[in-house]
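Going by the numbering used here, the residue at position 115 of the sequence shown is 102; the numbering climbs one at a time, nothing skipped. Glycine residues also receive a C-beta, built at the ideal position from the N, C-alpha and C atoms.
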Amino acid sequence: MPVNDNVQIAPAEGKLGVLIPGIGAVSTTFMAGVEAVKRGLGVPVGSLTQLSTIRLGKRTDARTPMIKDFVPLAGLNDLVFGGWDIYEDNAFEAARNAKVLESSLLDQVKEPLSAIRPMKAVFDPEYIRRINGPNVKQAGTKMDKAQMLLEDIEQFRKTNDVSRMVMIWCGSTEVYHKTAPVHHTLKDFECGLMKNDPEIAPSQIYAYAALKSGVPYANGAPNLTTDTPALLELARERNIPVCGKDYKTGQTFMKTLIAPGLKARMLGMSGWFSTNILGNRDGEVLEDPGSFKTKEETKLSVLDQILQPKLYPDLYKDLYHAVRINYYPPRGDAKEGWDNIDIFGWLGYPMQIKIDFLCRDSILAAPLVLDLVLFMDLAQRAGMRGIQEWLSFYFKAPMTAPGLYPEHDIFIQLMKLKNTLRWMRGEDLITHLGLEYYD
Ligand SMILES: NC(=O)c1ccc[n+]([C@@H]2O[C@H](COP(=O)([O-])OP(=O)(O)OC[C@H]3O[C@@H](n4cnc5c(N)ncnc54)[C@H](O)[C@@H]3O)[C@@H](O)[C@H]2O)c1
-12 MPVNDNVQIA
-2 PAEGKLGVLI
8 PGIGAVSTTF
18 MAGVEAVKRG
28 LGVPVGSLTQ
38 LSTIRLGKRT
48 DARTPMIKDF
58 VPLAGLNDLV
68 FGGWDIYEDN
78 AFEAARNAKV
88 LESSLLDQVK
98 EPLSAIRPMK
108 AVFDPEYIRR
118 INGPNVKQAG
128 TKMDKAQMLL
138 EDIEQFRKTN
148 DVSRMVMIWC
158 GSTEVYHKTA
168 PVHHTLKDFE
178 CGLMKNDPEI
188 APSQIYAYAA
198 LKSGVPYANG
208 APNLTTDTPA
218 LLELARERNI
228 PVCGKDYKTG
238 QTFMKTLIAP
248 GLKARMLGMS
258 GWFSTNILGN
268 RDGEVLEDPG
278 SFKTKEETKL
288 SVLDQILQPK
298 LYPDLYKDLY
308 HAVRINYYPP
318 RGDAKEGWDN
328 IDIFGWLGYP
338 MQIKIDFLCR
348 DSILAAPLVL
358 DLVLFMDLAQ
368 RAGMRGIQEW
378 LSFYFKAPMT
388 APGLYPEHDI
398 FIQLMKLKNT
408 LRWMRGEDLI
418 THLGLEYYD
């Protein structure tokens, strides 16, 4: 197999620590799932790293290895989990409370899950308003709290004898904030930590501690974290990959499947109304207008960027797009997302599409967490630093270089992801031109 001279990938030797702020529905479904798969109790459905193949060379070459055989990824048996939460429940108790997985399955992975006890969280009720808990670091400035997280990370590294780590945010969505002067440079940010600047969110303190410890950071929620000049400066300075943000699971996943298809056929759209009911803790936090605003921003940006109304005013200039999320406890994690799409065709004749997606949020999110952990570790071992745009596939609001618009079309994102893997291994990129078959 050809190997890219430019990209040296260090082998995935030893254990990989997975550090998770937020031991809630998504993270416990992910951890319990990994433990279940290890014991042969389930299949990791939804995970590219575990199930997908990658085509290499020409279509006539018949070379389609599994991704996990093509690039050196950490194995599931090498993952060690740890995390922080404002509640003291261990991962087994948290999984039981989340009510995503059945107790018959959870009971079979009780031992490893019960051993995962959340460390004390860095928490600020100004950033997450509907919940509060006792398991919180108390004293000191924001810099002191960052220091405590650095110690937690170091302690975790030693206790579990891990050779590498990845941090992935599975905590609640923080309230909407824009970048402030304190985020402009690393120096500003460190000053702000010492002065307890109110514009520094807990998630940013975790990210700072991760990057300072040489640990890649992935953001599964829509809040402002590593998408600030200060933390990007730190990531680049320390040669560490970062990615985000907001897992692309239920309704937005559907949007990025359907909208590119309609646009590909040059069909017009006058409205897209999306509403959701969900009853888990995430839904409760999103009841707060500040947290909802953060989510709304990432959910709304998708259509505008896919449809490009400025380039196609006849089709999309008057598009009305609304997204609602309603907290409805009886549904728990089994969310229902309705979409009404008003489209128009030839000569402007209107049509409608209705989607009713009875989905399971955490079941859709768990495989994304697994893939992100494994790919971020790969990126780190391949010497890739800063924003990992090739992982846009997993996010509602993909991080990009400043001034670059994000690519939301899921099939372009998938092509980018696979081409990046081909590039890492020195294989030809696949352009789908295919003229050579007809010479
Ligand atoms: N499930 C999905 O499909 C999906 C999709 C996209 C994004 N997300 C995001 O993923 C995140 C997790 O979702 P979930 O359903 O697991 O929510 P959850 O409420 O079940 O879990 C979040 C956990 O984070 C904890 N937490 C909050 N602030 C913290 C802090 N500062 N430090 C440590 N822990 C903290 C909470 O106590 C809670 O246990 C949310 O931000 C959600 O918006 C989920």
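Can you tell me which of the three DSSP states residue i falls into?
i      : result
Pro209 : coil
Ala108 : strand
Ser379 : helix
Asp65  : helix
Met53  : strand
Gly277 : helix
Tyr234 : strand
Val96  : coil
Asp214 : coil
Lys129 : helix
Met458 : Lying outside -12 to 426, the shown extent of the chain, residue 458 is not represented and no answer is given.
Pro189 : helix
Ser349 : helix
Lys2   : strand
Ile245 : helix
Pro354 : helix
Ser91  : helix
Thr407 : helix
Consider the C-beta atom of residue i and the heavy atoms of ligand 1; say whether any pair is separated by less than 8 Å.
i      : result
Ala12  : yes
Ile115 : yes
Pro189 : yes
Arg268 : yes
Ala366 : no
Cys157 : yes
Phe110 : yes
Pro247 : no
Ala82  : no
Val272 : yes
Asp320 : yes
Gly237 : yes
Pro276 : no
Tyr314 : no
Lys132 : no
Leu73  : The residue you asked about is not Leu; residue 73 is Ile in the sequence shown. Yes - ligand 1 has a heavy atom lying nearer than 8 Å to the Cβ of Ile73.
Tyr193 : yes
Ile264 : no
Thr172 : no
Gly33  : no
Pro354 : no
Asp301 : no
Tyr204 : no
Pro228 : no
Leu351 : yes
Pro209 : yes
Pro8   : yes
Gly324 : no
Gly120 : yes
Ala196 : no
In its own chain, which residues sit with a C-beta less than 6 Å from the C-beta of residue i, not counting the 5 before and 5 after it?
i      : result
Pro99  : Glu22
Tyr404 : According to the sequence as given, residue 404 is Leu; it is not Tyr. Same-chain partners within the cutoff: Trp377, Phe380.
Lys124 : Lys107, Val109, Lys132, Met135
Arg104 : Asn77
His164 : Leu211
Tyr307 : Gly258
Gly179 : Val169, Ile187
Ala81  : Ile10, Thr15
So, at 8 Å on beta carbons, what are the nonlocal neighbours of residue i in its own chain, with the 5 sequence-adjacent residues on each side left out?
i      : result
Gln448 : As displayed, the chain neither begins before -12 nor continues past 426, which places residue 448 out of reach and without an answer.
Asp364 : Ala(-1), Leu3, Leu60, Ala61, Arg151, Val153, Pro203
Ile192 : Val109, Lys129, Lys132, Ala133, Leu136, Leu180
Val58  : Ile(-4), Leu365, Leu408, Met411, Arg412
Under the DSSP definition of a beta bridge, which residues are partnered with residue i?
i      : result
Ile399 : Per DSSP, none; premise fails for Ile399.
Tyr204 : Met154, Val229
Phe344 : Gly324
Met338 : Ile330
Lys145 : None, per the DSSP bridge assignment.
Arg72  : Arg is not the amino acid found at residue 72; the sequence shown has Asp there. For Asp72, which the question treats as bridged, DSSP gives the partners Lys107.
Ile417 : Partner(s): none; Ile417 has no beta bridge.
Asn263 : Ile312, Gly324
Considering only residues of the same chain and omitting the five flanking positions on each side of residue i, which have a CB-CB separation below 7 Å?
i      : result
Asp396 : Thr243, Pro247, Ile293
Thr387 : Ile374, Glu376, Pro393
Pro337 : Asp329, Phe331
Ile340 : Ile328, Ile330
Phe279 : Leu273, Ile312
Looking at chain B, is there any beta carbon in it that lies within less than 9 Å of the beta carbon of residue i?
i      : result
Leu137 : Included in the structure is just one protein chain, with no chain B present.
inquiry  = What ranges does the alpha helix (DSSP H) occupy inside the stretch 293 to 325, keeping only unbroken runs of at least 4 residues that lie completely in it?
reply    = Restricted to the stretch 293 to 325, the alpha helix (DSSP H) segments that are unbroken, complete and at least 4 residues in length are 300 to 303, listed in chain order.
What runs of the beta strand (DSSP E), each 3 residues or longer, lie entirely inside the stretch 165 to 189?
DSSP runs (the beta strand (DSSP E)) wholly in the stretch 165 to 189: none.
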